[in-house]
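In this note's numbering, the protein residues as written are 41 to 429.
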């Protein structure tokens, strides 16, 4: 889509909304029109397909607050698509070529200063304000891995990470030219991008193949970086892993990746965390888990049991009389750290321990217990349910 078409199109009219329509009204109008004109609902109808593209184009501009403001400002500047200025011609006005304005005109054009009117539309069409201006280039994202102990993952830890990334070449100061004097790429005029048509009035941008997206070409390529301006470098960084991370979680650290070029932002660092198992504790979401053995008498008669916690003193839990094997109790606030700084719980599962060996006294006591409970059949309900099924 060229700039003239962009400004002349009345996207408010396309969606049937007023110029002061709210974001909700624009979204509602778009959804209604998109349903009515969707190609799946109008198979073989070329006019509906064209209408659908026009509706989508209008929503892409008006549905984005930044693009909408630029669109409104541009239409206000040119009188809502009039593209006329005072001078000779019918009605005391004449048409003029926008290409002179957007091709990098300098100084004074319409009072927009040295950047020309290209700056007005730079955000929408990915174009710089003037020819030959090299664009900032964002640094490369880096991904690394780290393995933590179970306790470190729960409590948080600062770990050293050794990373390899592309850094500005020290031999040529990142210029790519051994003399330090690269020239602006004539193909992309320093933007590092070239446009290509994609049909339907739209255009897409690709990295420039001549300068490989740098916007600069080295006449005398640096022997170290071969003209790329980047060289592989290793560095060690102390990275803080927040408390409560889980196994295989990916953490994003903004601006900790490779440095940008020509004032561009640094890339980001992505750290994939691996967590070792713990011999005692497990994890379920924000809760820790532990299985605690209890004796038969403790389960039958009840009592108090001590339970270990991760990195802290033991807690005492009250075991109700008649506690069955596998019952889970909760020790609040003894689990993993949540994002808001609070802690989950420790889930304690009771496992009734059956002694492998009995002395005479213990055996006699159990024999007495068996005789006392001989009239009770613990499997009676099981058989009754099996017959009724």
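Beta carbons are placed, not taken as given, at the ideal position from N, Cα and C, and that holds for glycine.
Fewer than three pairs of CB atoms, one per stretch, sit closer than 8 Å, so the region 342-362 makes no contact with the region 287-295. Nearest in C-alpha terms to residue 282, of all of 332, 376, 232 and 248, is 376. Per the coordinates, the alpha-carbon of residue 379 lies some 38 Å from the alpha-carbon of residue 270.
Under DSSP, residue 216 takes part in no beta bridge, so it has no partner. The beta carbon of residue 348 is closer than 6 Å to those of 354 in its chain, skipping five residues each way along the sequence.
Burial is judged here by how many other beta carbons sit within 10 angstroms of a residue's own beta carbon; residue 250 has fewer than 16 and is exposed. Note that the C-beta distance between residue 79 and residue 94 is not below 8 Å. In the three-state scheme derived from DSSP, where H, G and I count as helix and E and B as strand, residue 235 is classed as strand. Exposure of residue 416 is indicated by the presence of fewer than 16 other C-beta atoms within 10 angstroms of its C-beta. Going by DSSP, residue 273 is part of the beta strand (DSSP E) stretching over 270-281. Residue 394 sits in coil when the DSSP states are folded into three classes, being neither helix nor strand. Taking residue 189 as the centre and dropping the five residues before and after it, the same chain places the C-beta of 316 closer than 7 Å to its C-beta, in chain order. Counting other Cβ atoms within 10 Å of its Cβ, residue 420 stays below 16 and is therefore classed as exposed. In the structure shown, residue 102 falls within a helical segment according to DSSP collapsed to helix, strand and coil. When secondary structure is reduced to three states using DSSP, residue 115 falls in the helix class. Where residue 424 is concerned, the enclosing alpha helix (DSSP H) starts and stops at 420-428. Distance from the CA of residue 393 to the CA of residue 333, rounded to the nearest whole angstrom, comes to 6 Å.
If you check the CB distance, residue 248 and residue 232 come in under 8 Å. By DSSP's assignment, residue 314 forms a beta bridge with 187. The continuous alpha helix (DSSP H) containing residue 412 extends over residues 400-412. In this model, residue 181 and residue 272 are separated by some 14 Å (Cα to Cα).
Between residue 374 and residue 383 the beta-carbon gap is near 7 Å, inside 8 Å, which marks them as a contact. Assigned with DSSP and collapsed to three states, residue 57 falls in coil, not helix or strand. A distance below 8 Å separates the beta carbons of residue 217 and residue 261. Shown here, residue 379 sits in coil according to DSSP, grouped into three states, outside any helix or strand. Residue 179 and residue 372 have their C-alpha atoms roughly 45 Å apart. The C-beta of residue 69 has 16 or more other C-beta atoms within 10 Å across all chains shown, which makes the residue buried.
Between residue 280 and residue 198, the beta carbon gap of about 5 Å places them in contact (Cβ cut-off 8 Å). Sorting 426, 400, 312 and 255 by C-alpha distance to the C-alpha of residue 291 places 312 at the top. Within the model, the alpha-carbon separation for residue 113 versus residue 50 is close to 13 Å. For residue 341, the enclosing alpha helix (DSSP H) covers residues 336-341. Taking the C-beta atoms as reference points, residue 256 is found no nearer than 8 Å to residue 226. If you draw a straight line from the Cα of residue 60 to the Cα of residue 72, it comes to about 19 Å.
The straight-line gap separating the alpha-carbon atoms of residue 329 and residue 304 is approximately 47 Å.
Under a 10 Å Cβ-count criterion, residue 193 is classified as buried, with 16 or more other Cβ atoms of the shown protein chains found around its own Cβ.
Residue 54 sits away from residue 81, with the two beta carbons spaced by 8 Å or more.
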